[in-house]
Structures are given as structure tokens and as C-alpha cells.
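Numbering-wise, the sequence shown is residues 10 to 279 according to my numbering.
Each residue gets a CB set at the ideal place from its N, CA and C atoms; glycine is no exception.
Bear in mind that the values here come from a model prediction, so they are computed numbers and not experimental data.
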Amino acid sequence: MSNNSEYLSMTKRSISWLFFIALAIGVTYYFQGFSYKDTFDSLPVSSTAKELPIYCVDTAKPQVSISFDAAWGNDDTQKILDILKENNIKASFFMTGGWVKQYPNDVKAIYEQGHDLGNHSANHKNMSSLSNEEICNELNTVTENVKNLTSYQMNLFRPPYGDYDNHVIVKAKECGYFTIQWSVDSLDWKNYGVDAIVNEVLNNKSLKPGAIILMHNSAKYTIQALPKVIEGLKEKGYEIVPVSQLIYTDNYHIDSEGKQIKNEQPASSQ
10 MSNNSEYLSM
20 TKRSISWLFF
30 IALAIGVTYY
40 FQGFSYKDTF
50 DSLPVSSTAK
60 ELPIYCVDTA
70 KPQVSISFDA
80 AWGNDDTQKI
90 LDILKENNIK
100 ASFFMTGGWV
110 KQYPNDVKAI
120 YEQGHDLGNH
130 SANHKNMSSL
140 SNEEICNELN
150 TVTENVKNLT
160 SYQMNLFRPP
170 YGDYDNHVIV
180 KAKECGYFTI
190 QWSVDSLDWK
200 NYGVDAIVNE
210 VLNNKSLKPG
220 AIILMHNSAK
230 YTIQALPKVI
240 EGLKEKGYEI
250 VPVSQLIYTD
260 NYHIDSEGKQ
270 IKNEQPASSQ
């Protein structure tokens, strides 16, 4: 009988101790929980949202842009400028630093005819592999050279190879640039021929108001295809404007498909 009493007594003590231990742990975590919450609330929030460049623009206006990448050759630049002038069209030229240095007179001619001068980086590198400092250097070097030639202040940037990640978009914006991609690729760089280029642009499913068309100043068939592309766009009712005129420069957001959308203005109170 005494053994049973001792067993019950020990069991009660054990239960009591377990209760107090559990209570102590609970109280500790309760107060630590507030401490941890306060700590985390004071830390900056890291966004995992993907940063996107401008692929196209949401607009009710029947406007599109034609853009040219100028990175290597230059045989056809003047011919392109002549075609644009004949059709009273302004376009956008994204130029590398090497191209700017090698063809300063053409840079001046593009500027004098009223086209956009866009930045295509100094050395045509994969921008996502660069540090923040290197990204700004790649951009600002070109901008300074162009400004010395023309007084034009660049604010449009197209990443070489279309390569970017979050830190490229964010850093380019911090350095004063809108990052511009394209929604319609003419594929002129594949040298499939004039008809292939014209068909790729005019029958592209992404050819809509606000589209940005990609072409190249040195592709083999571009100068033969360009007049037909312009004519076809006009027949479809499109006005061709430079990228700087197509995009919004403030109060906008970019959706998950890279479309730049103007933010709705809040209704004014009466």
C-alpha cells in the first residue's frame, strides 16, 4: 500500500513539474514572439516580384514605334534615315558605345533628323552578369559621349541580347533610364529575306496599338523591307512614333507581360 502511495506521490510531483515547465516555455515563447515580430517588422521588406522592362504600351491611340539596334555595321544607316525622312517618320536608334565612337557623324545625323538616341550599352555585354557599378558605367559612358556630340540626354536603354534581371532594371532606373524591349521582332537579323521581314511585322499577333518593333540598322534586307513595313503599318491605320513619344514617363506600372499601363487618376472630390 505504501508503495502505491509513493508511486502516486511521485507521479503527481512529475505532473506538476511538467506543468510548470510547459507554462514557463509558453510564457517565454509568448514574449519572445512579440520581440521577434517587432524585430522583423523593423527590417526592410525584400520584394520577390520580377522587375520587367517596357515591351509595349497600353494605349487607345493607333500608334506603334519602329526601333533600330546599331551595334556593328553602318553601311545602311544613311539609307534608313533617307527612307524615314521620305515618309516623315521618327524612329528610335539604340546605339552601343563602340558604334557611337566609330560613326560620330551618323550619330549627329540621327539626332539632327529628330530621332530618339537610345543607349545599347558601351560594350554589348550581358548586363545581368555585371555589378551595379558596372551597369551604370556601361550606360553613362555612352550617354556622356552622345551628349558631347549632340547635347542630347539619353534616357532610353535596351539591354544587349535582351538580357536582364531584376537588378539590371532597378539599377538602370536609378541611373535615369527607361529599359525598353520590344513586342514585335522583325527577325531581320536572321536574313530570311524581304518578304519574311514584312510578313513577320505586319502579320505578327503582337502588332497592336502600343507595339514596339525591333529592327537592325545593318541587317542584310532591312532597307528593302523598311518601305514595305512602313506602307503596311500605315494601311493598317497605325501612326509611327518614336519610343520616347509612345511610353509614359511617370505615374505608370508595368504588368506581368511587360505592358506599360498608365495609372488611373483618382476622382477629385467635389
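Cβ-Cβ distance between Leu-165 and Ser-227 below 9 Å = Locating residue 165 in the sequence shown gives position 156, counting from the first residue. Locating residue 227 in the sequence shown gives position 218, counting from the first residue. Their beta carbons are not under 9 Å apart, which means Leu-165 does not touch Ser-227 by this criterion.
Gln-269 lies in the beta strand (DSSP E); which residues open and close that run?
-> Start at 1 with the first residue of the sequence shown, and residue 269 comes out as number 260. It spans 268 to 271 - the beta strand (DSSP E) in which Gln-269 sits, taken as one unbroken run.
Buried or exposed by the 16-neighbour rule on C-beta atoms within 10 Å, applied to Lys-229 | Locating residue 229 in the sequence shown gives position 220, counting from the first residue. Classification of Lys-229: buried, given that the 10 Å Cβ count is 16 or more.
Hey, is Lys-229's beta-carbon within less than 9 Å of any beta-carbon in chain D?
-> Looking at the structure shown, chain D is missing, and only one protein chain is on hand.
Three-way DSSP call (helix, strand, coil) for Asp-91 in this model | Taking the first residue of the sequence shown as position 1, residue 91 is located at position 82. Note: Asp-91 maps to helix in three-state DSSP.
Please name the residue or residues paired with Gln-280 in a DSSP beta bridge.
-> As displayed, the chain neither begins before 10 nor continues past 279, which places residue 280 out of reach and without an answer.
Which residues does DSSP pair with Leu-223 in a beta bridge?
-> Within the sequence shown, residue 223 is the residue found at index 214, counting from 1. Leu-223 pairs with Ser-76 and Asp-194.
Return yes when the Cβ of Lys-110 is within less than 9 Å of the Cβ of Asn-154, no when it is not.
-> The residue given as residue 154 occupies position 145 in the sequence shown. The residue given as residue 110 occupies position 101 in the sequence shown. Their beta carbons are under 9 Å apart, which means Asn-154 touches Lys-110 by this criterion.
Nonlocal neighbours in the same chain, by C-beta distance under 7 Å from Val-177, ignoring five residues either side = In the sequence shown, counting from the first residue as 1, residue 177 sits at position 168. Here the set comprises Met-136, Ser-137, Ile-144 and Pro-168.
Per-residue DSSP class, three states only, for Gly-123 = Within the sequence shown, residue 123 is the residue found at index 114, counting from 1. Here Gly-123 sits in coil by DSSP.
Alpha carbon to alpha carbon, what distance is there between Cys-184 and Ile-270?
-> For this step, residue 270 is matched to residue 261 along the sequence shown. For this step, residue 184 is matched to residue 175 along the sequence shown. One C-alpha to the other measures close to 22 Å.
Simplified DSSP assignment, three categories, for Ser-130 | By one-based count along the sequence shown, residue 130 stands at place 121. In this structure, Ser-130 counts as coil in the three-state DSSP scheme.
Which listed residue (Lys-70, Trp-108 and His-262) has its alpha carbon closest to that of Phe-8 = Since the first residue shown for the chain is 10 and the last is 279, residue 8 is missing from the structure and cannot be characterised.
Within 10 angstroms of its Cβ, does Trp-191 collect 16 or more other Cβ (buried), or is it exposed?
-> By 1-based counting over the sequence shown, the position of residue 191 is 182. It counts as buried.
Rounded C-alpha distance that separates Val-54 from Glu-60 = Taking the sequence shown and counting its residues from 1, one reaches residue 54 at position 45. Taking the sequence shown and counting its residues from 1, one reaches residue 60 at position 51. In this prediction, Val-54 has a pLDDT of 32, which is less than 50 and means its spatial position is unreliable; what the coordinates show is noted afterwards. When rounded, the distance between both Cα atoms is 16 Å.
Roughly how many angstroms lie between the CA atoms of Trp-81 and Lys-156, to the nearest whole one?
-> Start at 1 with the first residue of the sequence shown, and residue 81 comes out as number 72. Start at 1 with the first residue of the sequence shown, and residue 156 comes out as number 147. If you take the alpha carbons of Trp-81 and Lys-156, they lie about 20 Å apart.
Residue environment, Ser-265, which counts as buried when at least 16 other CB atoms sit within 10 Å = Within the sequence shown, numbered from 1, the residue matching residue 265 stands at position 256. Exposed is the call here.
Run of the alpha helix (DSSP H) containing Ile-206, from where it starts to where it stops | Position 197 of the sequence shown, counted from the start, is the residue given in the question as residue 206. Here the alpha helix (DSSP H) through Ile-206 covers 203 to 211.
Assess, as a yes-or-no matter, whether the region 57 to 77 is touched by the region 198 to 208 under the definition of 3 or more beta carbon pairs within less than 8 Å.
-> no
Just the C-alpha distance for Cys-65 and Met-104, rounded to the nearest angstrom, thanks.
-> As a working note, residue 65 is residue 56 in the sequence shown. As a working note, residue 104 is residue 95 in the sequence shown. Those two C-alpha atoms are separated by around 20 Å.
Could you spell out where the beta strand (DSSP E) holding Ile-263 opens and where it closes?
-> Residue mapping note: residue 263 aligns to position 254 of the sequence shown, counting from 1. 261 to 263 is the span of the beta strand (DSSP E), which, as asked, contains Ile-263.
Inspect the beta-carbon positions of Gly-123 and Lys-88 and report whether they are closer than 9 Å.
-> For the purposes of this step, residue 123 is identified with residue 114 of the sequence shown, where counting begins at 1. For the purposes of this step, residue 88 is identified with residue 79 of the sequence shown, where counting begins at 1. It is not a contact, given that the beta carbons lie outside the stated cut-off.
Status (buried if at least 16 other CB within 10 Å, exposed otherwise) for Asp-91 | Taking the first residue of the sequence shown as position 1, residue 91 is located at position 82. It counts as exposed.
For Pro-236, collect the residues of the same chain with a Cβ closer than 7 Å to its Cβ; drop the 5 residues on either side in sequence, then sort them by chain order.
-> Sequence index remark: in the sequence shown, residue 236 carries index 227 (1-based). Same-chain partners within the cutoff: Ile-92.
Skipping 5 residues on each side, what residues in its chain have a beta carbon closer than 8 Å to that of Leu-158?
-> Start at 1 with the first residue of the sequence shown, and residue 158 comes out as number 149. The answer, listed in chain order, is Val-109, Pro-113, Val-116, Lys-117 and Tyr-120.
Just tell me which of Asn-260, Glu-244, Leu-126 and Asn-132 has its CA closest to the CA of Gln-72.
-> The residue given as residue 72 occupies position 63 in the sequence shown. Among Asn-260, Glu-244, Leu-126 and Asn-132, the Cα nearest to that of Gln-72 is on Glu-244.
Which class does Met-163 belong to by DSSP, given the choice of helix, strand or coil?
-> Reading the sequence shown from its first residue, position 154 is the one you call residue 163. Reduced to three states, the DSSP call for Met-163 is coil.
If you count every other CB in all the chains shown that lies within 10 Å of the CB of Gly-219, and 16 or more means buried, which is it?
-> Reading the sequence shown from its first residue, position 210 is the one you call residue 219. By the 10 Å Cβ count, Gly-219 comes out buried.
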